[in-house]
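Residue numbers (my numbering), protein chains in the order written: chain A, 15 to 85; chain B, 11 to 176. Every residue gets a Cβ at the ideal spot worked out from N, C-alpha and C, and that includes glycine. For reference, the structure discussed in these notes is given below.
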């Protein structure tokens with residue numbers, strides 16, 4: 015139990031700081047908590063708004079791929 | 011959406027859907043780096059393979075399939091989730107890729123339905139961004155107990171979320 019709550023707490027810490035969270039093989043019980051934590055992270059106003067640079071970067075990547083595939 | 015509407019170029023597909031897909035991904039993984047990677051994966055993998063023009067409804071269905079596949083792969087690779095476990099997630103309706111104007115709203119509703127102490131620990135963590143030590147201090151418990159409280163609150167939140175879907 016202690017190990018389990020520590021892993022979930024570390025995962026939540028990463029979400030709170032908007033970092034890529036720690037990876038580990040989760041038990042089915044942990045998986046339930048991980049998914050709930052992931053969902054609750056979007057409760058912060060504006061948390062789920064994408065960065066404009068990201069949107070432009072992906073656009074450029076697709077543009078490059080499409081132009082290369084269908085010149 | 012206009013019935014029978016067509017997408018004739020990938021740029022329009024991307025511009026219409028990128029924010030919605032990102033928000034959906036964020037609501038499923040809860041952090042920016044993963045949400046960006048998964049959103050990118052959905053578009054980079056799927057868009058170049060579409061033969062246009064295609065009906066909007068068909069493109070949305072295609073994007074939904076890509077979202078499911080990318081998310082399933084994420085949870086399986088990084089957390090060992092069985093594939094079937096991910097596939098039962100309610101991602102989006104077949105012709106609606108607008109889940110997450112929902113995202114924050116649904117999370118807020120889940121919090122509102124929790125018992126007081128469960129809601130308090132999760133609000134301190136997710137809404138106010140407190141560390142576990144700060145949250146423990148606010149709650150008047152030890153950091154160890156705050157972690158246990160948080161774990162149990164998350165399990166309860168999962169139950170509440172599940173009931174909201176059914």
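The ligand GDP heavy atoms versus the CB of residue i: any closer than 7 Å?
i                      : result
residue 163 of chain B : Among the components modelled here there is no ligand, and therefore nothing to report on the ligand GDP.
Chain A partners of residue i, CB-CB under 8 Å?
i                      : result
residue 73 of chain B  : Neighbours of residue 73 of chain B on chain A: none; closest Cβ ~13 Å, over 8 Å.
residue 14 of chain B  : The premise fails here: residue 14 of chain B is roughly 25 Å from chain A at the closest Cβ pair, so nothing lies under 8 Å.
residue 40 of chain B  : 29, 35, 51, 52, 53, 54, 55, 56
residue 157 of chain B : 19, 20, 22, 23
residue 168 of chain B : 46, 47, 49, 50
residue 121 of chain B : 54, 57
residue 17 of chain B  : The contacting residues do not exist; residue 17 of chain B stays about 14 Å from chain A at best.
residue 79 of chain B  : Ordered by position in chain A, no residue passes the 8 Å Cβ test against residue 79 of chain B, which lies about 17 Å from the chain.
residue 171 of chain B : 50, 53
residue 128 of chain B : Within chain A, no residue comes near residue 128 of chain B; the closest Cβ sits about 11 Å away, beyond 8 Å.
What residues of chain B sit near residue i, judged by a beta carbon separation below 9 Å?
i                     : result
residue 74 of chain A : None at all; the shortest Cβ gap to chain B is about 11 Å.
At a CB-CB cut-off below 7 Å, which residues of chain A make contact with residue i?
i                      : result
residue 24 of chain B  : 73, 76
residue 118 of chain B : 57
residue 44 of chain B  : 34
residue 132 of chain B : 54
residue 175 of chain B : The premise fails here: residue 175 of chain B is roughly 11 Å from chain A at the closest Cβ pair, so nothing lies under 7 Å.
residue 29 of chain B  : 64
residue 135 of chain B : 26, 30
If the cut is a Cβ gap below 9 Å, which residues of chain A does residue i touch?
i                      : result
residue 89 of chain B  : 37, 38, 39, 40, 44, 45, 48
residue 139 of chain B : 30, 31, 58
residue 37 of chain B  : 52, 53, 55, 56, 62
residue 57 of chain B  : 76, 79, 80
residue 33 of chain B  : 56, 62, 63, 64
residue 142 of chain B : 23, 26, 27
residue 152 of chain B : Chain A residues near residue 152 of chain B: none, gap ~12 Å exceeds 9 Å.
Thinking just about the alpha-carbon of each residue, which of the options is nearest to the one in residue i?
i                      : options                   : result
residue 117 of chain B : B/148, B/147, B/171       : B/171
residue 79 of chain B  : B/60, B/68, B/64, B/53    : B/53
residue 82 of chain B  : A/20, A/17, A/49          : A/49
residue 40 of chain B  : A/78, A/43, A/62, A/80    : A/62
residue 29 of chain B  : B/71, B/49, B/174         : B/49
residue 85 of chain B  : B/44, B/62, B/19, B/56    : B/44
residue 23 of chain B  : B/166, B/64, B/137        : B/64
residue 79 of chain A  : B/77, B/165, B/89, B/60   : B/60
residue 73 of chain A  : B/19, B/151, B/139, B/148 : B/19
residue 16 of chain B  : B/57, B/69, B/56, B/162   : B/69
residue 39 of chain A  : B/133, B/47, B/92         : B/92
residue 54 of chain A  : B/115, B/14, B/175        : B/115
residue 22 of chain A  : B/163, B/62, B/147        : B/163
residue 75 of chain B  : B/55, B/126, B/90, B/145  : B/55
residue 59 of chain A  : B/174, B/144, B/137       : B/137
residue 37 of chain A  : B/62, B/150, B/147, B/90  : B/90
Looking only at its chain, what residues have a beta carbon closer than 6 Å to the beta carbon of residue i, apart from the 5 residues adjacent to it on each side?
i                      : result
residue 129 of chain B : 121
residue 57 of chain B  : 20
residue 140 of chain B : 134
residue 46 of chain B  : none
residue 148 of chain B : 134
Using a C-beta to C-beta distance shorter than 8 Å, which residues of chain B count as neighbours of residue i?
i                     : result
residue 18 of chain A : 161
Can you give me the Cβ contacts of residue i inside the same chain, cut-off strictly under 8 Å, excluding the 5 residues immediately before and after it?
i                      : result
residue 142 of chain B : 135, 153, 156, 157, 160
residue 90 of chain A  : Residue 90 of chain A is absent from the structure shown; chain A starts at 15 and stops at 85.
residue 167 of chain B : 120, 121, 124, 128, 132
residue 51 of chain A  : 22, 25, 26, 29
Please work out which residues of its chain come closer than 7 Å, Cβ to Cβ, to residue i, disregarding the five sequence neighbours upstream and downstream, and give them in chain order.
i                     : result
residue 35 of chain A : 25, 28, 29
residue 51 of chain B : 80
residue 82 of chain A : none
residue 20 of chain A : none
How many whole angstroms separate the CB atoms of residue i and residue j, which I take to be in contact at a CB cut-off of 8 Å?
i                      : j                     : result
residue 165 of chain B : residue 57 of chain A : About 17 Å separates the two Cβ atoms, so there is no contact after all.
residue 42 of chain B  : residue 32 of chain A : 5 Å
Pairing CB atoms from the region 25–42 of chain A with CB atoms from the region 31–38 of chain B, are three or more of them under 8 Å?
No, the region 25–42 of chain A is not in contact with the region 31–38 of chain B.
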